[in-house]
Amino acid sequence: MSKPRTLFDKIWETHLVDVQEDGTCLLYIDRHLVHEVTSPQAFEGLKNAGRTVYRPEATLAVPDHNVPTTERGGYIENEESRIQVETLQKNCKDFGVPLYDVNDIRQGIVHIIGPEQGFTLPGTTIVCGDSHTATHGAFGAIAFGIGTSEVEHVLATQTLLQAPLKNMRITVDGGLPKGCTAKDLILALIKIIGTAGGTGCAIEYAGKAIRDLSMEGRMTVCNMTIEGGARCGIIAPDETTFEYVRGRPMSPKGAQWESAIRYWRTLPSDADAIYHKEVTLDIKDIVPQVTWGTSPEDVAPITGTVPNPSDFEDKLKQESVKESLHYMGLAAGMQISDIKIDKAFIGSCTNGRIEDIRAAADIAKGRTVVDSVTALVVPGSGLVKEQAEEEGLDKILLEAGFEWREPGCSMCLAMNDDKLQPGERCASTSNRNFKGRQGFNGRTHWVSPAMAAAAAVTGHLIDVRDL
Amino acid sequence: MESFTTLTGVAAPMNKINVDTDMIIPKQFLKTIKRAGLGKHLFDEMRYDRAGNEIVDFVLNKPAYRTAQILVAGDNFGCGSSREHAPWALLDFGIRCVISTSFADIFYNNCFKNGILPIAVSKLELDKLMEYAERGSNATLTIDLENQTISGPDGSEAIFEIDAFKKHCLLNGLDDIGLTMEKQNKIESYEKNMKHSQPWLNTAE
Ligand code: SF4
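What follows is the structure, encoded as structure tokens:
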């Protein structure tokens, strides 16, 4: 009998082109996503070396980080942003890489459009010069972020040199309580495992709570795997997955669909597979989660208080908490729900999908954004936007005083004009709370889309269950 | 890529955990389409005030460390994004080696592609090296990649671990795209197999 294998092992082993003596693997890459920020130097490298893109049809490019969300005229004011987007356009043309350009309805955040188009499939290896590539693991794929030199390597050879990752399993039991979402689940998890909890590992999410999630919820969970230090999160494909993938523009059709499903059903981990690290968590008692600091592990329940540096044992952690609180302008011991906000941001590859917008609209309905707050809703793609408009969500949001924007990364990293002013505080559905991430000296509090909308209509962080 | 054999240089202490890629190179500098020139923006928001003046307390602004080639930092260095601008900025500033107890995976890999050596040491070792680096411009360390050692002028020596292939490439400054292209026939035979076993993967437009 062969050795029991994990989902990750199965996909990994299937994709080995070569294994060097020292164990370094040459891994075949099925799908390569490209955006404008991390690719120019890679294409430049190819050009300088006289190389071509090895398999353009396995590559998909989209501008997302720099695009304005105010209008879709095609012209970008900011010169550097414009040059970066134009460089992508030119490179795609020169190298024959498919591109969803700014005015294409299929344009959107790179991690939203892959799944949407059926470019992301179970059992595949997927990379992108972007750490949140982990998102695609929700389909039972090995998906991880790479640097620009590696982007160049994949463009030139369709392979990547990688040392195998270790297997870690996180089993989440229980049902998600009322008011809680996949976002709250992953925040609660990151608090437990810490920002380096998954270093060197692929995290397989298992258990009832994960199986019960929609594909969109699973993507939210896998998306933030990188905040827990792992490059790659993965969830076994099941009926929910197949239902989502079926009929997408690039997903297999007809007889191929049947054989694909048959194959995908063999992927889940074998019963006795061995994991290097195991964590279990029961979420039946969690409440909505928020962050108070500038590290992903700075998570607290909305019902809690801002911690005191002395609550932590490690000296350096105490220092970093002190610094965080200073930066965030918060006093230890204050109620989280007393924290007032200036902006709310609903969007990003974590929470920019249709279910997220529905959740925000659900809270917005019949309420009004308070005067002192600016609230942005940025759909993750042109298609998400279209769908939301078909459902009338844009009207509900606009009526409540939210801004309804064009798709892109927007205030997730504030490379375009959507940013926090110094000192401003934001209830944000994004995935990075580092200093300055959403604008110089801006302050970020992570929340779910419903919680962000609730903060927008009350002016402070608030337990969505209290509305 | 420039090879890395031995390096003797000033070590700067950055006694901070979770130094993330947004700190190393803030996003406003990601708009470049070039690799070079990022050194002046390294640690931008910690290094300069809003008016663009140097913050005197910041370690790399202190006379003793302005030419540092080695950085000694707290746990989980380089966490956050995949931006290779982080190692590009370090390199452009002149840093060729970062020592910490642990590194974020993508950052770690990115270093090797750019001729930077990231060294993971034990907490105990790090504390010693940090104390050492805090001594100022006398804090020179010598890194010997071939023998995998870090030594101070007082003769003390620490040994570090490193993956053999990564070491080989760094020592010889090898371009791994070229190496992989030599395996073209293996890639082709893999693809032939895949066409047969998972034909639907060829259907992407
Ligand atoms: S939405 Fe944010 S995290 Fe996602 S790809 Fe864009 S910038 Fe990165």
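Protein chains in written order, with this note's numbering: chain A, 1 to 467; chain B, 468 to 672.
Note that the Cβ used here is the ideal one computed from N, Cα and C, for glycine as well.
Short CB-CB distance (under 8 Å) between residue i and chain B
i               : result
Y100 of chain A : no
Y75 of chain A  : no
L316 of chain A : yes
H153 of chain A : yes
T220 of chain A : no
G145 of chain A : yes
M415 of chain A : yes
Y244 of chain A : no
F345 of chain A : no
D22 of chain A  : yes
A134 of chain A : no
S131 of chain A : yes
D18 of chain A  : yes
A331 of chain A : no
Y263 of chain A : yes
I192 of chain A : no
I105 of chain A : no
Pick from the options that is closest to residue i, judged by C-alpha positions
i               : options                           : result
G175 of chain A : A:M168, A:R169 and A:L185         : A:L185
I586 of chain B : B:N660, B:S664, B:G545 and B:M468 : B:G545
V34 of chain A  : A:L121, A:I11, A:F144 and A:E403  : A:F144
Y54 of chain A  : B:M648, B:C636 and B:G622         : B:M648
E469 of chain B : B:W555, B:K590 and B:D630         : B:W555
I226 of chain A : A:S131, A:A206 and A:T458         : A:S131
M490 of chain B : A:S348, A:F434 and A:D371         : A:F434
G45 of chain A  : A:S149, A:C409 and A:L189         : A:S149
N475 of chain B : B:R533, B:L527, B:K507 and B:A606 : According to the sequence displayed, residue 475 of chain B carries Thr and not Asn. The residue with the shortest Cα to Cα distance from T475 of chain B is B:A606.
D342 of chain A : A:P422, A:E391 and A:T24          : A:P422
G429 of chain B : B:K501, B:A535 and B:E592         : Nothing can be reported for residue 429 of chain B: it is not among the residues displayed for chain B, which extend from 468 to 672.
E239 of chain A : A:Q256, A:M215 and A:V221         : A:M215
R31 of chain A  : A:P115, A:P237, A:F312 and A:A331 : A:P115
Q107 of chain A : A:T305, A:D64 and A:D285          : A:D64
K93 of chain A  : A:A206, A:L16 and A:A61           : A:A61
Contact with chain A by residue i, beta-carbon distance below 8 Å
i               : result
Q665 of chain B : yes
I583 of chain B : no
K507 of chain B : no
C577 of chain B : The amino acid occupying residue 577 of chain B in the given sequence is Asn; Cys does not appear at that position. Cβ-Cβ to chain A under 8 Å: yes for N577 of chain B.
P493 of chain B : yes
E672 of chain B : Because E672 of chain B carries a pLDDT of 44, less than 50, the predicted location of this residue cannot be relied on, and the following value inherits that uncertainty. Yes, because at least one Cβ of chain A sits closer than 8 Å to the Cβ of E672 of chain B.
I566 of chain B : no
R502 of chain B : yes
R602 of chain B : no
N543 of chain B : yes
L527 of chain B : no
P480 of chain B : no
Y657 of chain B : yes
M597 of chain B : no
Per-residue burial, residue i [other beta carbons within 10 Å of its own, 16 or more giving buried]
i               : result
R262 of chain A : exposed
A551 of chain B : According to the sequence shown, residue 551 of chain B is Glu rather than Ala. E551 of chain B comes out buried.
S269 of chain A : buried
R517 of chain B : exposed
N660 of chain B : exposed
Y244 of chain A : buried
T266 of chain A : exposed
T444 of chain A : buried
K10 of chain A  : buried
H111 of chain A : buried
Y100 of chain A : buried
Separation of residue j from residue i, as counted between CA atoms
i               : j               : result
G123 of chain A : I193 of chain A : 27 Å
K419 of chain A : G198 of chain A : 30 Å
P307 of chain A : D298 of chain A : 9 Å
A452 of chain A : A134 of chain A : 23 Å
T350 of chain A : C426 of chain A : 16 Å
D417 of chain A : N78 of chain A  : 9 Å
S295 of chain A : I235 of chain A : 25 Å
Q41 of chain A  : A503 of chain B : 10 Å
G217 of chain A : A138 of chain A : 9 Å
I29 of chain A  : H153 of chain A : 11 Å
M219 of chain A : N48 of chain A  : 37 Å
G474 of chain A : T120 of chain A : Summary: the structure shown does not reach residue 474 of chain A, with chain A confined to residues 1 through 467, and so no result is reported for it.
D104 of chain A : P493 of chain B : 30 Å
Q318 of chain A : S324 of chain A : 10 Å
D572 of chain B : P56 of chain A  : 27 Å
heavy atom of the ligand SAM below 7 Å from residue i C-beta
i               : result
C409 of chain A : The ligand SAM is not among the ligands present in this structure, which contains only the ligand SF4.
- Message: Along the segment 608-638 of chain B, where does the CB come closer than 7 Å to a CB of chain E? Name the residues.
- Response: Going by chain labels, chain E is absent from the structure shown, which instead holds the protein chains A and B.
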